[in-house]
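Right, one structure below, let's go through it.
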Amino acid sequence: SKPIAGVKGTFSERTFIAIKPDGVQRGLVGKVISRFEERGYKLVGLKALAPSKELAEKHYDDLKARPFFAGLVNYMTSGTPVIAMVWEGKDVIKQGRAMIGATNPLESAPGTIRGQYCISVGRNIIHGSDSFESAEKEIGLWFGKAGELVEWTPANVDWIQSDN
Ligand code: UDP
Ligand code: MG
Numbered sequence: 064s065k066p067i068a069g070v071k072g073t074f075s076e077r078t079f080i081a082i083k084p085d086g087v088q089r090g091l092v093g094k095v096i097s098r099f100e101e102r103g104y105k106l107v108g109l110k111a112l113a114p115s116k117e118l119a120e121k122h123y124d125d126l127k128a129r130p131f132f133a134g135l136v137n138y139m140t141s142g143t144p145v146i147a148m149v150w151e152g153k154d155v156i157k158q159g160r161a162m163i164g165a166t167n168p169l170e171s172a173p174g175t176i177r178g179q180y181c182i183s184v185g186r187n188i189i190h191g192s193d194s195f196e197s198a199e200k201e202i203g204l205w206f207g208k209a210g211e212l213v214e215w216t217p218a219n220v221d222w223i224q225s226d227n
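Each position in the sequence shown, counted from 1, maps to that position plus 63 in UniProt numbering.
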């Protein structure tokens, strides 16, 4: 079957982006969405949900041995919503990570999302898939039900997508 993260390196590539509870509490949802929209990426999935412990633990499964894991899961399951999204477009996985900036706020360049809005590694407002494999896993986990993602063609597609 077709990968849920699209085809890597094409305009159909998809990534999972989530605004974490601190980003929602701080009123940064619109600003984050605007950056992806204005860059030219296409929104194909969006929902607000307060994730269960099980979902948060599965999402961060690769970090379960780390000392900050319990705190990370608590933060993600505070009861405040997470804004879960799927964005589509050329190289969106790598570009999304570049737009988000480094995990450690000391290393996240000014102008990146974290570099503009964060000073703590434990309150860094946003998540983005770090590889095609992660995107495949995370989109499946958060948007696994049929019909949750929308296939559509933006009216301005020819003004955004071309290699000439
Ligand atoms: N994290 C933390 N303390 C740390 C390192 C990471 O609380 O010392 C949290 C932080 O929210 C980070 C998340 O764990 O975004 C996932 O860590 P990862 O290394 O995968 O960073 P990311 O992919 O989010 O940049
Ligand atoms: Mg990560």
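Cβ atoms here follow ideal geometry from the backbone N, Cα and C, with glycine treated the same way.
Keep in mind it's a predicted model, so treat the numbers as computed, not measured.
*What separation, rounded to the nearest whole angstrom, lies between the Cα atoms of S194 and R77?*
Mapped onto the sequence shown, residue 194 falls at position 131. Mapped onto the sequence shown, residue 77 falls at position 14. Rounded to the nearest angstrom, the two C-alpha atoms are 10 Å apart.
*Can you give the beta carbon distance from W150 to K105, rounded, assuming they're within the 8 Å contact cut?*
Counted from its first residue, the sequence shown places residue 150 at position 87. Counted from its first residue, the sequence shown places residue 105 at position 42. The Cβ separation is near 7 Å, so the contact holds.
_7 Å Cβ cutoff, G210 in contact with chain B_ = The question asks about chain B, but that chain is absent: this structure has only one protein chain.
_C-alpha distance - S97 paired with V145, whole-angstrom precision_ = The sequence position of residue 97 within the sequence shown is 34, counting from 1. The sequence position of residue 145 within the sequence shown is 82, counting from 1. Looking at the two C-alpha atoms, the distance is approximately 17 Å.
*Beta bridge counterpart(s) of I182 as assigned by DSSP*: Numbered from its first residue, the sequence shown carries residue 182 at position 119. Per DSSP, none; premise fails for I182.
*Just mark K83 as buried or exposed, buried being the case when its beta carbon has 16 or more other beta carbons within 10 Å.*
On the sequence shown, residue 83 is found 20 positions in, with the first residue counted as 1. Looking at its Cβ environment, which holds 16 or more other Cβ atoms inside 10 Å, K83 is buried.
_Taking 8 Å as the limit between beta carbons, can you name the residues of its chain near L118, skipping five residues before and five after?_
Along the sequence shown, one-based indexing puts residue 118 at 55. Correct list, in chain order: L204, W205.
_With a threshold of 6 Å (Cβ to nearest heavy atom), would N219 be considered close to ligand 1?_
Working through the sequence shown from its first residue, we reach residue 219 at position 156. Answer for N219: no, Cβ out of range of ligand 1.
*My understanding is that V87 touches T143, with C-beta atoms under 8 Å, so please give their C-beta distance in whole angstroms.*
Here the question's residue 87 lines up with position 24 in the sequence shown. Here the question's residue 143 lines up with position 80 in the sequence shown. Indeed, because the Cβ distance is near 6 Å, the residues count as touching under 8 Å.
*Can you give, in chain order, each stretch of the alpha helix (DSSP H) that sits fully within the UniProt domain "Nucleoside diphosphate kinase-like" (75–214) and has at least 4 residues?*
84–88, 92–102, 116–122, 132–139, 155–163, 176–180, 195–205
*As assigned by DSSP and simplified to three states, the class of D221*: The residue labelled residue 221 in the question sits at position 158 within the sequence shown. Three-state DSSP puts D221 in a helix.
_Of the listed residues M139, P130, L112, nearest to E120 (C-alpha basis)_ = The residue labelled residue 120 in the question sits at position 57 within the sequence shown. Selected option, being the one with the closest Cα: M139.
*When burial is assigned at 16 or more other CB atoms within 10 Å of the CB, is R177 buried or exposed?*
If you number the sequence shown from 1, residue 177 lands on position 114. Buried.
*Could you work out which residue in K127, T216, A111 is closest to A81 when comparing CA atoms only?*
To locate residue 81, count along the sequence shown from 1; it is residue 18. Cα-wise, what sits closest to A81 is A111.
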